[in-house]
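Chemist:
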Amino acid sequence: TLSDRLADTFKNLRGKGRLSEADIDATAREIRIALLEADVALPVVKEFVGAVKERARGEEVSGALNPAQQIIKIVHEELVTILGGETRRLRYAKSGPTVIMLAGLQGAGKTTLAAKLALWLKDQDKTPMLVAADLQRPNAVQQLQVNGERVGVPVFAPEPGNGTGNPVDVARASIEEAKRKLHDVVIIDTAGRLGVDAELMQQAKDIRDAVQPDEVLFVVDAMIGQDAVVTAQAFLDGVGYDGVVLTKLDGDARGGAALSIRSITGKPVMFASSGEKMTDFDLFHPDRMASRILDMGDMLTLIEQAEKAFDSDQALKAAEKLGTKGGFTLEDFLQQMQQIRKLGSMTKIMGMLPGMGQFRDQLENFDEREIDRIQAIIQSMTPAERENPKIIDGSRRARIAKGSGRQVSDVNQLVDRFFEARKMMEQMARGGGMPGMPGMPG
Ligand code: GDP
Ligand code: MG
């Protein structure tokens, strides 16, 4: 994965303070490979990586991240932007039923998606109707009827014995039916072929012209990889559409198709379909897709956490506290410990932070249960003791030890550690240095 490969790049980058041209190039190379592996089309990759490098050169260097992390953060943000930023919502008709038409190759997942979308709309108090306008494939009508039944949504289909029927007539008639029966959304399932062909495009176009859909959705299988772009362009030229639905995201596909389609056609991905169950369906979330394309969810989480840990506001608050009456108390100390726990695995995070390498050994021996013990001890103290730890004498220590089920020596150790931490905080406040993790056991 990209995480693995970047780990090597990181080895060289860790500890350096700013983005050098060589750093940018090395990381860009890895990202280029990752995007290609995720099936992003080559021209899109080139343009994208170029834009990222440009931005990386101009970027201010953040204190919390090392250079490679910083580039990844940029890449992630740019991916989210290109994937559409905000999720694009369905546009409903101002009056009369909203007409949604599905188009795409055979096997893309249109019929399945039609029912999923109907269920999703039903859950939002809509009263959808499904329309079987695929009269090409044997059993296509029946397949939609079965799916419709599963989600409890009526299906409009040509009557049996009506001959082959004409999908354009069926689609047109379905709108009248929807008006009569007060359905507020009509979802039209259409025929697909195995490949793009002129007759198929003409049929889809005829249906489109007959029903004037509010939304034409192009349905595409994420597993077809690079071919998705060619198909997406062909349907755009042949039928036209407003949005894209990506299906079969439960497979191995990393979803680079989403990026390619979006940047080549300019059409937003609106929904994502990810399984055989009718509920395996959701609005498309650009941020989730960006993480999936980069295949480095863990890394992105770490970056976020590292930034939070070094949140300058937090450092400022701690420093301000030292200037106020009472200063840094055991209450603050406890809060800080809890913050550390929230960050998850200390060792992992600290290893990622610039300049933290020297604490590595200490960190590897870090025991998270230690925080539980510290918490128990501090919670056995009175509010007065927490505010002013100087008053914690021998008899108080014995009481606290008993209350928390620890030894007096544990209490002694904690109090010592607290005073050390306070000293560190005071030094920091004077010197304006990095807050670090005062009182860290080790
Ligand atoms: P259509 O030809 O475009 O109507 O495609 P279908 O809806 O008939 O789907 C083709 C096949 O893909 C069927 O076997 C579906 O069960 C399957 N399928 C559809 N959507 C998904 C999905 O999101 N995940 C998986 N794993 N399979 C899907
Ligand atoms: Mg179908």
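What the sequence shown shows, in the UniProt record's numbering, is residues 4 to 445, in sequence order. Quick reminder that beta carbons are idealized off the backbone N, C-alpha and C, glycines included.
For the stretch 201 to 278, which segments carrying the alpha helix (DSSP H) assignment without a break, of at least 4 residues, lie completely within its bounds, in sequence order?
Modeler: Listed in chain order, the complete alpha helix (DSSP H) runs (minimum 4 residues) inside the stretch 201 to 278 are 201 to 214, 230 to 241, 259 to 268.
Chemist: If you drop the 5 nearest sequence neighbours on each side, which residues of the same chain put their C-beta closer than 8 Å to that of Thr282?
Modeler: Translated into the one-based positions of the sequence shown, residue 282 becomes position 279. Closer than 8 Å at the Cβ level, and outside the excluded window around Thr282, lie Lys119, Leu122.
Chemist: So does Thr114 have its beta carbon nearer than 7 Å to some heavy atom of the ligand GDP?
Modeler: Working through the sequence shown from its first residue, we reach residue 114 at position 111. Correct: Thr114 has its Cβ closer than 7 Å to the ligand GDP.
Chemist: Mapping the DSSP letters down to three states, classify Gly347 as helix, strand or coil.
Modeler: Start at 1 with the first residue of the sequence shown, and residue 347 comes out as number 344. Any answer about Gly347 is weak, because its pLDDT of 49 lies below 50 and its placement is not dependable; what the coordinates show is given next. Coil.
Chemist: Rounded to whole angstroms, what's the CA-CA distance from Asp413 to Glu429? Just pull it up for me.
Modeler: The residue labelled residue 413 in the question sits at position 410 within the sequence shown. The residue labelled residue 429 in the question sits at position 426 within the sequence shown. Their Cα atoms are separated by approximately 24 Å.
Chemist: Only counting runs of 4 or more residues, tell me where the alpha helix (DSSP H) segments fall wholly within the stretch 129 to 171, in order along the chain.
Modeler: You should have 143 to 154.
Chemist: Considering only heavy atoms of the ligand MG, does any lie closer than 7 Å to the CB of Asp224?
Modeler: Your numbering for residue 224 matches position 221 in the sequence shown. Incorrect: Asp224 has no Cβ contact closer than 7 Å to the ligand MG.
Chemist: Would you tell me roughly how many angstroms separate the C-alpha atoms of Pro289 and Arg399, rounded to the nearest one?
Modeler: Sequence index remark: in the sequence shown, residue 289 carries index 286 (1-based). Sequence index remark: in the sequence shown, residue 399 carries index 396 (1-based). If I take the Cα positions, the gap works out to 56 Å.
Chemist: How is the beta strand (DSSP E) around Ile190 delimited, first residue to last?
Modeler: Position 187 of the sequence shown, counting from 1, holds the residue named residue 190. Run containing Ile190: 188 to 193, per the beta strand (DSSP E) assignment.
Chemist: Would you call the stretch 67 to 77 in contact with the stretch 182 to 191, where contact means no fewer than 3 C-beta pairs closer than 8 Å?
Modeler: As far as the Cβ criterion goes, the stretch 67 to 77 does not touch the stretch 182 to 191, which means the pair count is below three.
Chemist: Within the present structure, is the beta-carbon of Gln109 separated from the nearest heavy atom of the ligand GTP by less than 7 Å?
Modeler: This structure does not include the ligand GTP; its bound ligands are the ligand GDP and the ligand MG.
Chemist: In three-state DSSP terms, what is Ala106?
Modeler: The residue you call residue 106 lines up with position 103 of the sequence shown. Residue state, collapsed to three classes: strand.
Chemist: Taking 7 Å as the line, does the beta carbon of Asp42 fall inside it for any heavy atom of the ligand MG?
Modeler: For the purposes of this step, residue 42 is taken as the residue at position 39 of the sequence shown. The answer is no for Asp42.
Chemist: Using alpha carbons as the reference points, say which of Ala194, Lys208, Ala260 lies closest to Met226.
Modeler: Walking along the sequence shown from the start, residue 226 turns up at place 223. Of the listed residues, the one whose Cα sits closest to Met226 is Ala260.
Chemist: Is any non-hydrogen atom of the ligand MG found closer than 7 Å to the C-beta of Arg153, if you look at the structure I gave you?
Modeler: Indexing the sequence shown from 1 puts residue 153 at position 150. Outside the cutoff, so no.
Chemist: Could you please give the first and the last residue of the uninterrupted beta strand (DSSP E) stretch that includes Met286?
Modeler: In the sequence shown, residue 286 corresponds to position 283, counting from 1. According to the sequence shown, residue 286 is Leu rather than Met. 284 to 286 is the extent of the beta strand (DSSP E) around Leu286.
Chemist: Out of Glu40, Leu45, Val78, Ala44, which has the shortest C-alpha to C-alpha gap to Thr30?
Modeler: Start at 1 with the first residue of the sequence shown, and residue 30 comes out as number 27. For Thr30, the nearest C-alpha among the options comes from Val78.
Chemist: Leaving aside the five residues before and after Asp245 along the sequence, list all residues of the same chain whose C-beta is less than 6 Å from its C-beta, in chain order.
Modeler: Mapped onto the sequence shown, residue 245 falls at position 242. Result list for Asp245: Glu218, Val219, in chain order.
Chemist: Is it the case that the stretch 266 to 275 contacts the stretch 80 to 90, given that we only count it when at least three CB pairs across the two stretches are under 8 Å?
Modeler: As far as the Cβ criterion goes, the stretch 80 to 90 touches the stretch 266 to 275, which means the pair count is three or higher.
Chemist: So, Thr234 versus Val223, is the Cβ gap smaller than 8 Å?
Modeler: Residue mapping note: residue 234 aligns to position 231 of the sequence shown, counting from 1. Residue mapping note: residue 223 aligns to position 220 of the sequence shown, counting from 1. Contact flag set, yes.
Chemist: How is Leu22 classed by DSSP in three states: helix, strand or coil?
Modeler: Position 19 of the sequence shown, counted from the start, is the residue given in the question as residue 22. It is coil, neither helix nor strand.
Chemist: Would you kindly work out how many angstroms separate the C-alpha atoms of Thr250 and Val55, rounded to a whole number?
Modeler: Taking the sequence shown and counting its residues from 1, the one referred to as residue 250 is at position 247. Taking the sequence shown and counting its residues from 1, the one referred to as residue 55 is at position 52. Looking at the two C-alpha atoms, the distance is approximately 28 Å.
Chemist: Spatial neighbours of Val242 within its chain, please: CB distance less than 7 Å, with the 5 preceding and 5 following residues excluded, ordered by chain position.
Modeler: Taking the sequence shown and counting its residues from 1, the one referred to as residue 242 is at position 239. Ala106, Met204, Ala207, Lys208, Arg211, Val219, listed in sequence order.
Chemist: In or out: Glu179 buried (at least 16 other Cβ within 10 Å) or exposed?
Modeler: Position 176 of the sequence shown, counting from 1, holds the residue named residue 179. Classification of Glu179: exposed, given that the 10 Å Cβ count is below 16.
Chemist: Identify which residue in Ile374, Arg257, Lys270 has its Cα closest to the Cα of Met292.
Modeler: In the sequence shown, residue 292 corresponds to position 289, counting from 1. The candidate whose alpha carbon is nearest that of Met292 is Arg257.
Chemist: Around the C-beta of Lys270, are 16 or more other C-beta atoms found within 10 angstroms, so that it is buried, or is it exposed?
Modeler: Stepping through the sequence shown from its first residue, residue 270 is reached at position 267. Its Cβ being crowded by 16 or more others within 10 Å, Lys270 is buried.
Chemist: I need the straight-line Cα distance from Ala111 to Asp240, nearest angstrom please.
Modeler: As a position in the sequence shown, residue 111 is number 108, starting the count at 1. As a position in the sequence shown, residue 240 is number 237, starting the count at 1. Taking the straight line from one Cα to the other gives about 18 Å.
Chemist: State the start and end residues of the unbroken alpha helix (DSSP H) segment that holds Thr114.
Modeler: The residue labelled residue 114 in the question sits at position 111 within the sequence shown. Start and end: 113 to 125.
Chemist: Whole angstroms is fine: what's the gap from Val156's alpha carbon to Gln127's?
Modeler: For the purposes of this step, residue 156 is taken as the residue at position 153 of the sequence shown. For the purposes of this step, residue 127 is taken as the residue at position 124 of the sequence shown. Near 13 Å, if we compare the C-alpha coordinates of Gln127 and Val156.
Chemist: Grab me the residues of Ala275's own chain with a C-beta within less than 7 Å of its C-beta, minus the 5 sequence neighbours each way, in chain order.
Modeler: Start at 1 with the first residue of the sequence shown, and residue 275 comes out as number 272. The answer, listed in chain order, is Leu249, Leu252, Asp285, Phe287.
Chemist: Looking only at C-alpha atoms, which of Leu45, Leu38, Gly61 sits nearest to Leu22?
Modeler: Position 19 of the sequence shown holds residue 22. Checked all of Leu45, Leu38, Gly61; the closest Cα to Leu22 is Gly61.
Chemist: Near Ile27, which residues of its chain fall below 6 Å by C-beta distance, leaving aside the five closest residues on each side in sequence?
Modeler: Against the sequence shown, residue 27 aligns to sequence position 24. The residues are Lys56, Ala59.
Chemist: Could you tell me the boundaries of the alpha helix (DSSP H) in which Arg196 lies?
Modeler: Looking up residue 196 in the sequence shown gives position 193. Premise fails: Arg196 is in no alpha helix (DSSP H) and is neither H nor E.
Chemist: List the DSSP bridge partners of Thr101.
Modeler: As a working note, residue 101 is residue 98 in the sequence shown. For Thr101, which the question treats as bridged, DSSP gives the partners Val188.
Chemist: Can you check whether the CB of Ser177 is closer than 8 Å to the CB of Val134?
Modeler: Locating residue 134 in the sequence shown gives position 131, where the first residue counts as 1. Locating residue 177 in the sequence shown gives position 174, where the first residue counts as 1. Closer than 8 Å, so yes.
Chemist: Could you say which of Lys76, Ile191, Arg409, Ile394 lies nearest to Gln148 if we only look at CA atoms?
Modeler: Against the sequence shown, residue 148 aligns to sequence position 145. If we check each option's Cα against that of Gln148, Ile191 comes out closest.
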